[in-house]
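Presented below is the structure to which this report refers.
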Amino acid sequence: CLILNQTDTEGPIILSIDNNSYDAQYWINQFLNIKYADDANSHTQQYIELCKEFSTEILKTSYGAQKQNTFLAKTIDFFKENEVVNIERFKDDVFDEDKHKSLFDDYKKTFEGDQNIVMRNQFDVAEAVVNKEKKKIKTDIKLDTNIQIKLDIDAPEASSEYLERGYDNEKKMYYYKVFFNVEA
């Protein structure tokens, strides 16, 4: 942990490397009682982290990897197209169904409690953070039959338009059907 006393008005800047999650969390939360910076970078980072965790814990487990990947692609797309994120507009753009919006709201409350933060309903987007997080997001669908389907994060509508998921009663297995014109 490195503490830099750079400005008098905003307090010190603290840099922490997290090799051991338990010790770092104790040091940051209980001992130093550190609060995240209130800027575009931290808001963008926290919101993308919320979306990634929501997609893994709720969407993937309940609706499958295709729904998860489509949500993440739409999220990144929304952040890239807008300079300011308004949470209500975000939900309207990203979710097709109201039940997903309410699941997201419930998960957001849980996330805020777990992380001990309060997320703003409107904030400026930090483009550098979006680009960095976009590179970290994996949009692969890994199947138990040793087949992987890689989806393009820059084309969120493609997976819902050209990829269908179903169940074959004869084989008693799920399947994906892919539509295309020409192999690339």
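Note that my numbering has the sequence shown beginning at 50, numbered continuously upward.
Think of the CB as a built atom: it goes at the ideal place given N, C-alpha and C, for glycine as much as any other residue.
Keep in mind it's a predicted model, so treat the numbers as computed, not measured.
Counted within 10 angstroms of its Cβ, other Cβ atoms place residue i as buried (16 or more) or exposed
i	result
A175	buried
N180	exposed
V133	exposed
Q197	exposed
Residue i - DSSP class collapsed to helix/strand/coil
i	result
L212	strand
N90	helix
N131	coil
N54	strand
Distance between residue j and residue i (C-alpha atoms, nearest Å)
i	j	result
D193	F153	28 Å
S151	K158	11 Å
Y112	N54	47 Å
N90	Y216	43 Å
A204	D163	32 Å
L200	D147	25 Å
T93	E219	47 Å
What residue ranges within the segment 137-222 form continuous alpha helix (DSSP H) runs of no fewer than 4 residues, ordered along the chain?
-> 147-164, 176-185, 205-211
Any contact of the segment 118-131 with the segment 198-208, i.e. 3+ C-beta pairs under 8 Å?
-> The segment 118-131 is in contact with the segment 198-208.
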